[in-house]
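Participant: Questions regarding the structure given below will be posed in turn.
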Amino acid sequence: MSLFTLLMVFGFSIESKAQVSENWRAVYYPTVNFKGAKVSSTVSSINFSWGTKSPAKKIPSSKFSAVFEKKMTVSKTGTYVLMGKADDGVRIYVDGKRKVNEWKDGERNFEKQVKLTKGNHTIRVEYYNIGKNAKLKVNIKEAAKVTPLEKWGATFYSKQNLTGKAVKKQFSTLDVNWGTGSPDPNIPANNFSAVFEKRTNLTKSGTYLLSGGADDGIRIYVDGVKKVDQWKDNVQTFNVEMALSAGIHIIKVEYYEKKATAQLSVKFDKKAKKEQVTYTNYGTTLNEALAAQMKVNPQTDKKYAAYIPAVSVKLDPKNINSGDMLEKTVIKAGTSSVSRTLGTLPKKTKVKILGFKVSEDEKLWYKVQTGWVNASSADTKNYLNPEQVKKGTSDFYQFVKLSDFAGLNPAEINQKILFDRGILKNRADAFIKASFKYGINEIYLLAHSSLETGRGTSRLSKGIKVKAKLDSKGEPVYTTVNIKGKQVVEKEIEILPDDAKNYEKKVYNMYGIGAYDTCALECGARRAFNEGWTNADKAIMEGARYAAEEYIHAGQDTIYKMRWNPNYMEVNGTAYHQYASDIGWAAKQTKYYIELYKLLDSYTITYDVPRYKK
1 MSLFTLLMVF GFSIESKAQV SENWRAVYYP TVNFKGAKVS STVSSINFSW GTKSPAKKIP
61 SSKFSAVFEK KMTVSKTGTY VLMGKADDGV RIYVDGKRKV NEWKDGERNF EKQVKLTKGN
121 HTIRVEYYNI GKNAKLKVNI KEAAKVTPLE KWGATFYSKQ NLTGKAVKKQ FSTLDVNWGT
181 GSPDPNIPAN NFSAVFEKRT NLTKSGTYLL SGGADDGIRI YVDGVKKVDQ WKDNVQTFNV
241 EMALSAGIHI IKVEYYEKKA TAQLSVKFDK KAKKEQVTYT NYGTTLNEAL AAQMKVNPQT
301 DKKYAAYIPA VSVKLDPKNI NSGDMLEKTV IKAGTSSVSR TLGTLPKKTK VKILGFKVSE
361 DEKLWYKVQT GWVNASSADT KNYLNPEQVK KGTSDFYQFV KLSDFAGLNP AEINQKILFD
421 RGILKNRADA FIKASFKYGI NEIYLLAHSS LETGRGTSRL SKGIKVKAKL DSKGEPVYTT
481 VNIKGKQVVE KEIEILPDDA KNYEKKVYNM YGIGAYDTCA LECGARRAFN EGWTNADKAI
541 MEGARYAAEE YIHAGQDTIY KMRWNPNYME VNGTAYHQYA SDIGWAAKQT KYYIELYKLL
601 DSYTITYDVP RYKK
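For what it's worth, the UniProt record's numbering labels the leading residue of the sequence shown as 1, then goes sequentially.
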């Protein structure tokens, strides 16, 4: 007989080295226990989806049983796989020995590896149906030609519609970003498509989560049932829950790429809250790191006692608790010129006077109210030292890896997190798409934007009307700023009133990018103007790109690393490329983290805790 070929299993064609000696002999019974008037026939393959139809004349469409048997010749000794699907029960015998025993109601996939010697073998399949969706598929294939359990078998096509030249591959995980490139030299970079299929063996029944994203279209089937249908251009994200029984299940992904960047991420896991702690060792001691940080004047909003010489202030005659600086003056932590420097007050700055004190050399000093000042070495060390942060506290979230896209549920985010966040309300889709596109943890983006925008209420987040600043000749005025370590020329702007009728652009900034302690509103708006962030969703998406490129995918993939950059200190011995100057910035972010994670029903967190050299 011909080779035992091209049997349909799980919706795709396969080929085996096992040779068929004859067709299957089929015997159908009108009962579930192989009794009653039987009907015999022969079939070339076992690949049936009877549904509500009868498998043979005089046999009912449900509550029937069947036996299929044939002899086959195996061309070489080796490991083979008995695999297929049944609704309801199935048993398979090889040379009289039972190899598959799924004798129970319900639909399921099955597979079993068996050793077959070269020569003739008898295969017997017993089946019963009790319900209204009769189905049976059985195949035998060389194990070497079967994609292993838990791995993705992939077929790429040179055309966008799942046709054309085919290239086969395997993937351990389905989390790939081809960018503007191609998945294979024989596949074009644009207008290609692919089918991915994985068999996964679930050890427990329960609720499972299918999440991820695609650029462009995607469809996903679980056991033949369509669960995701986003067959359209541009970035898609998905988050689908489903109840599944223990056993083997088949996930099939159809994907196409139209143009520009190609990206795909599919995660499938049991719905649960999972946490994992990892550690990274650095060759720098904590004290060496502290010394490097103190050289760049880390800042704090902690209220130290702050003093300035009385002679540097002109008091307000109507309010002796207020005054104007007569000259640029250094703020001290004590009433001595050798006291620790907290910062400076520019000339003409208004100050609030809280009291006075006479120094040992009998000079008068005013105690003044301050904003941001230079942090003390002790306070800086307290925030810098990872050992001060205990697991289970909110501060521990500063070690969460930010490069892990979680694929959260947008409806859950809108309902539980963003419902009272001002301009951020109902914008979960933008955050999740930004997270997928740029490979960033969604909770980080939500926490960061919540902090920087005052929960979606800041003027920068709600939109600022601006226009380019012009000189006397009507030409744009430019300034030079540092972006990504490079000097970049930007247009200067004028900030206009909220009710202005004539303006050039209304710009948004959701992460405080470009905003600094002494130039928050104007500098943040200028960056948004020059970047083109002219609506809230664009500011969410493009701001995420900045954080990804500048920090997260440049080795600073935790809040702690963004603030302190321990890798740079280890390599260069200096502090550089840090997201904020505030020593408490990372800890402030984490207060939002714990608040947000507590609201979610399912997530996976990986922590990366630094360890300095002892």
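All C-beta atoms in this analysis are idealised placements derived from N, C-alpha and C, irrespective of residue type, glycine included. The structure presented is a predicted model; accordingly, all values stated were derived computationally and were not measured.
Which full runs of the beta strand (DSSP E) of 3+ residues lie inside the UniProt domain "PA14" (147-282), going along the chain?
Facilitator: If we require 3 residues or more, the beta strand (DSSP E) runs fully inside the UniProt domain "PA14" (147-282) come out as 152-157, 166-171, 174-179, 192-202, 206-215, 218-222, 225-230, 235-244, 247-257, 262-270.
Participant: Please state the DSSP three-state secondary structure of Asn47.
Facilitator: Reduced to three states, the DSSP call for Asn47 is strand.
Participant: Would you list, in sequence order, the uninterrupted beta strand (DSSP E) runs of no fewer than 3 residues that lie entirely inside the region 356-437?
Facilitator: For the region 356-437, whole beta strand (DSSP E) runs of length 3 or above, ordered along the chain, are 364-368.
Participant: Are the beta-carbon atoms belonging to Phe48 and Val125 less than 9 Å from one another?
Facilitator: Result no, Cβ atoms of Phe48 and Val125 do not sit closer than 9 Å.
Participant: Would you identify the three-state DSSP class for Glu595, choosing helix, strand or coil?
Facilitator: In the structure shown, Glu595 sits in a helix (DSSP, three-state: H, G or I).
Participant: Return the chain-ordered list of same chain residues with a C-beta closer than 7 Å to the C-beta of His553, the five sequence neighbours on each side being excluded.
Facilitator: Excluding sequence neighbours, His553 sits near Ser403, Gly439.
Participant: With burial defined as no fewer than 16 other Cβ atoms inside 10 Å of the residue's Cβ, what is the status of Lys137: buried or exposed?
Facilitator: Per the 10 Å Cβ criterion, buried.
Participant: Determine the DSSP secondary structure at Met510, reduced to helix, strand or coil.
Facilitator: Met510 falls in the coil class under three-state DSSP.
Participant: For the candidate residues Val90, Glu452, Glu107, Asp105, whose alpha-carbon lies nearest to that of Lys99?
Facilitator: With distances taken between Cα atoms, Lys99 lies closest to Val90.
Participant: Excluding the 5 residues preceding and the 5 following Phe396 in the sequence, name in chain order all residues of the same chain whose CB lies nearer than 6 Å to its CB.
Facilitator: Result list for Phe396: Val389, in chain order.
Participant: For Glu257, is the classification buried or exposed, using 16 other Cβ atoms within 10 angstroms of its Cβ as the cut-off for buried?
Facilitator: Answer is buried; the Cβ neighbour count reaches 16.
Participant: Closest by CA to Pro476, which one among Val400, Lys491, Val466, Ala500?
Facilitator: Comparing Cα positions, the closest option is Lys491.
Participant: Does DSSP classify Lys35 as helix, strand or coil?
Facilitator: Looking at Lys35 - three-state DSSP - the assignment turns out to be coil, as it is neither helix nor strand.
Participant: In the DSSP assignment, find the unbroken beta strand (DSSP E) run with Gln293 in it and report its ends.
Facilitator: Gln293 -> not in any beta strand (DSSP E); alpha helix (DSSP H) instead, spanning 286-294.
Participant: Following the continuous alpha helix (DSSP H) through Lys538, name the residue where it begins and the one where it ends.
Facilitator: Taken as a continuous stretch (DSSP letters only), the alpha helix (DSSP H) holding Lys538 covers 536-550.
Participant: Excluding five sequence neighbours on each side, which residues of the same chain lie with their C-beta closer than 6 Å to the C-beta of Lys112?
Facilitator: For Lys112, where only same-chain residues beyond five positions count, the Cβ hits under 6 Å are Leu82, Lys99, Val100.
Participant: Nearest-angstrom Cα distance between Pro185 and Asn161?
Facilitator: Distance between the alpha carbons of Pro185 and Asn161: 19 Å.
Participant: Quick check on Gln556: does DSSP put it in helix, strand or coil?
Facilitator: In the structure shown, Gln556 sits in coil (DSSP, three-state: anything other than H, G, I, E or B).
Participant: Whose C-beta lies closer than 7 Å to the C-beta of Lys505 among residues of the same chain, with five residues either side of it excluded?
Facilitator: These residues qualify, in order along the chain: Val466, Phe529, Thr534.
Participant: Residue 687 bridges to which residues according to DSSP?
Facilitator: One cannot answer for residue 687 here, as it falls past the ends of the chain, which runs 1 to 614.
Participant: Terminal residues of the continuous alpha helix (DSSP H) containing Glu142?
Facilitator: No alpha helix (DSSP H) holds Glu142; the beta strand (DSSP E) holding it covers 134-142.
Participant: If you check the beta carbons only, do Phe110 and Gln263 fall under 9 Å apart?
Facilitator: It is not a contact, given that the beta carbons lie outside the stated cut-off.
Participant: Helix, strand or coil for Ser322? Go by DSSP, reduced to three states.
Facilitator: Strand, per DSSP.
Participant: Please report the distance separating the alpha-carbon of Ala536 from that of Lys598.
Facilitator: Cα-Cα distance, rounded: 26 Å.
Participant: In terms of residues, what are the limits of the alpha helix (DSSP H) holding Arg459?
Facilitator: Arg459 -> alpha helix (DSSP H) spans 459-462.
Participant: Taking one C-beta from the region 189-205 and one from the region 236-256 each time, how about it: are there three or more such pairs within less than 8 Å?
Facilitator: The region 189-205 vs the region 236-256: in contact.
Participant: Kindly indicate which three-state DSSP category Arg527 falls into: helix, strand or coil?
Facilitator: Here Arg527 sits in helix by DSSP.
Participant: Could you pull the start and end residues of the alpha helix (DSSP H) that Val571 belongs to?
Facilitator: That run of the alpha helix (DSSP H) goes 566-572.
Participant: Under 9 Å, do Glu442 and Phe405 count as touching if we go by C-beta distance?
Facilitator: In contact: Glu442 and Phe405 (Cβ atoms closer than 9 Å).
Participant: Sorted by chain position, which residues of the same chain lie with C-beta nearer than 7 Å to Thr42's C-beta, five sequence neighbours on each side aside?
Facilitator: These residues qualify, in order along the chain: Asn23, Trp24, Arg25, Ala26.
Participant: Return helix, strand or coil for Ser41, following the three-state DSSP convention.
Facilitator: Residue state, collapsed to three classes: strand.
Participant: With respect to the beta strand (DSSP E) encompassing His121, which residues constitute its N-terminal and C-terminal limits?
Facilitator: Taken as a continuous stretch (DSSP letters only), the beta strand (DSSP E) holding His121 covers 119-129.
Participant: Going along the chain, which residues of its own chain have a beta-carbon closer than 7 Å to the beta-carbon of Lys57, five neighbours each way excluded?
Facilitator: So the list reads Val39, once near-sequence residues are dropped.
Participant: So Tyr255 and Ser193 are in contact, right, with Cβ under 8 Å, and what is the actual spacing, rounded?
Facilitator: Rounded, the Cβ-Cβ distance is 6 Å, consistent with contact.
Participant: Kindly indicate which three-state DSSP category Ser65 falls into: helix, strand or coil?
Facilitator: If DSSP states are grouped into helix, strand and coil, Ser65 belongs with the strands.
Participant: Apply the 10 Å Cβ neighbour rule to Val311 and answer buried if 16 or more other Cβ atoms are within range, or exposed otherwise.
Facilitator: The residue is exposed, with fewer than 16 neighbouring Cβ atoms inside 10 Å.
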